[in-house]
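Going by my numbering, the first residue of the sequence shown is number 5, and it counts up by one from there.
As C-alpha cells, the structure follows; a few thoughts come after it.
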Amino acid sequence: MLTVAVLISGTGSNLRALLEAAHGAGFPARIIVVGADREAEGFAHADEFGIPTFLVPWSSFDSREAWGDELLRQLDVWNPDLIVLSGLMRLLPPAVVAAYAPRIVNTHPAYLPEFPGAHGVRDALAAGVEQTGASVIVVDDGVDTGPILAQERVPVHPSDDEAALHERIKPVERRLLIDVVRRIGAGELDLAAASSA
Ligand code: GRF
C-alpha cells in the first residue's frame, strides 16, 4: 500500500478529495500525514479523517533552507513513499527535493508549461486566453518544470474572475491528482521512468 504525505497551505479542497478517494475501498494508497507551512484551513480535513498533521511555520525560520531542514525532519519521521504538494504555496528547497525526488508530485492550476508559478490562474486571465487547464507534474528543482504526468484543458469564460476560473479548474485538478496517485499506487505509473524519459 503506497503511503502518502500531503503538503498544503490553504483550504485543502484537493486534499479532501484525495482523503475521500483514499478512504474508499480498493484505493491503492493511503494518506499517513498532512503537513503545512502555516495553520492551514485544510488541517480540518485531516482531523476529520483522523490523519496526523504537522506544522512547519514558514514565519518561524530565517531562511528557506532552515525551513526546509525542519520540513525534511518532519517528513523523515513518516518516510512516505510519495509526497503530494496540493496547494503548498512554497517552493521546496533543493535538500527536500533531493531527499525524495522523483517521489514528489504537484498539482498546478494551468496547462503547463503555460503559466507556471504561484499565480497560474491570474496569469491565464490576464493573458486573455480562451482555455487554460490543470496539470499534475513530478517536482524537480525548478518552478513547475518537472515532467508532466497528467493535464487537461479547462475553458475560460468571458465573465470569469480569478476565483470563478480557479473553482472550475480545481475539480479537474482533483480528478487528475486522484488518478495519478491511484496509478502510482497500482504500479501503473513509474515516477523514475517518467522523470528519466
Ligand atoms: C490548487 O489549485 C493548487 O493547484 C494550487 O492552489 C490550489 C489549492 O487549492 N497550488 P486547495 O487548497 O486544494 O483548495
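Even glycine gets a Cβ: it sits at the ideal position worked out from N, Cα and C.
The model shown is predicted, which means the values in this text are computed figures rather than measured ones.
- Inter-residue distance for V133 and V142 is about 25 Å (C-alpha atoms, whole angstroms).
- The three-state reading of DSSP puts I173 in helix, counting H, G and I together.
- Rounded to the nearest whole angstrom, the CA to CA distance from D127 to A25 is 31 Å.
- In the DSSP annotation of this structure, A130 is not part of any beta strand (DSSP E); the continuous alpha helix (DSSP H) holding it starts and ends at 124–131.
- By DSSP's assignment, V140 forms a beta bridge with T111, A154.
- The beta carbon of W82 sits closer than 7 Å to the beta carbons of A9, I36, V37 from its chain, once the five residues preceding and following it are set aside; these are given in chain order.
- When the beta-carbon positions are compared, R186 and F31 come within less than 8 Å of each other.
- Counting the other Cβ atoms within 10 Å of the Cβ of A99 gives fewer than 16, which makes it exposed.
- Three or more beta-carbon pairs separated by less than 8 Å are not found between the region 118–126 and the region 38–45, which leaves the two stretches without contact.
- For A167, the three-state secondary structure derived from DSSP is helix.
- Spatial neighbours of R107 in its own chain (CB-CB distance under 7 Å, excluding positions within 5 residues in sequence) are listed in chain order as D85, L86, I87, L195.
- If you draw a straight line from the Cα of L19 to the Cα of D66, it comes to about 28 Å.
- Looking at the backbone, the Cα of E52 and that of V147 are separated by about 32 Å.
- Sequence-distant partners of V184 (beyond 5 residues in either direction) whose C-beta falls short of 7 Å from its own C-beta, in its chain, are V109, V140, L153, A154, L193.
- A straight line joining the alpha-carbon of L96 with that of I173 spans about 23 Å.
- In this structure, the straight-line span from the alpha carbon of A21 to that of E69 is close to 31 Å.
- In the structure shown, I35 falls within a strand segment according to DSSP collapsed to helix, strand and coil.
- The three-state secondary structure of V160, taken from DSSP, is coil.
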